[in-house]
């Protein structure tokens, strides 16, 4: 998972990746990952306002670029999978904003954070001790 995460990072905006990781971690209620990726997002230059608005990104689209909105929609679809699949329109919208290789990297990043969330939540990992960049 560490190698897949490292490969997913190459070529994608670090702030976008951290937004995706924070959003998936919000959905999965992983306090450890929320702590970690909020701190990494701030260290990467992300604003406090955009991190705060992330849980309501659909109501705050003016805070994010079209590319980020497409990535957040894909993040939610991959994370929740309520219907057992990612809706075609969500995937197609993301494909309009990311080149094929970037889209593969984004999907890998979403998949990896979801796996880490499951470890963190299951093992009751405690937030608050992470320093930005500690696991980069």
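In the numbering used here, the protein residues as written are 2 to 137.
Note that beta-carbon positions come from the ideal geometry of N, C-alpha and C, so glycine has one too.
Nothing here was measured: the structure is a model prediction, and the numbers come from that model.
Classification of residue i by the beta-carbon crowding that lies within 10 angstroms, buried from 16 upward
i, result
"residue 99", "buried"
"residue 41", "buried"
Proximity below 8 Å, CB of residue i to CB of residue j
i, j, result
"residue 133", "residue 33", "no"
"residue 65", "residue 73", "yes"
"residue 17", "residue 77", "no"
"residue 113", "residue 2", "yes"
"residue 23", "residue 52", "yes"
"residue 140", "residue 109", "Past the edges of the chain, shown from 2 to 137, lies residue 140, and the structure says nothing about it."
"residue 104", "residue 96", "yes"
Contact with chain C by residue i, beta-carbon distance below 8 Å
i, result
"residue 22", "No chain C appears in the structure shown, which is made up of a single protein chain."
Host alpha helix (DSSP H) of residue i (start-end)
i, result
"residue 104", "101–123"
"residue 68", "67–81"
"residue 34", "32–44"
"residue 17", "15–29"
"residue 60", "Per DSSP, residue 60 belongs to no alpha helix (DSSP H) and is neither H nor E."
Selection from the options that minimises the alpha carbon distance to residue i
i, options, result
"residue 79", "89, 111, 50 and 14", "111"
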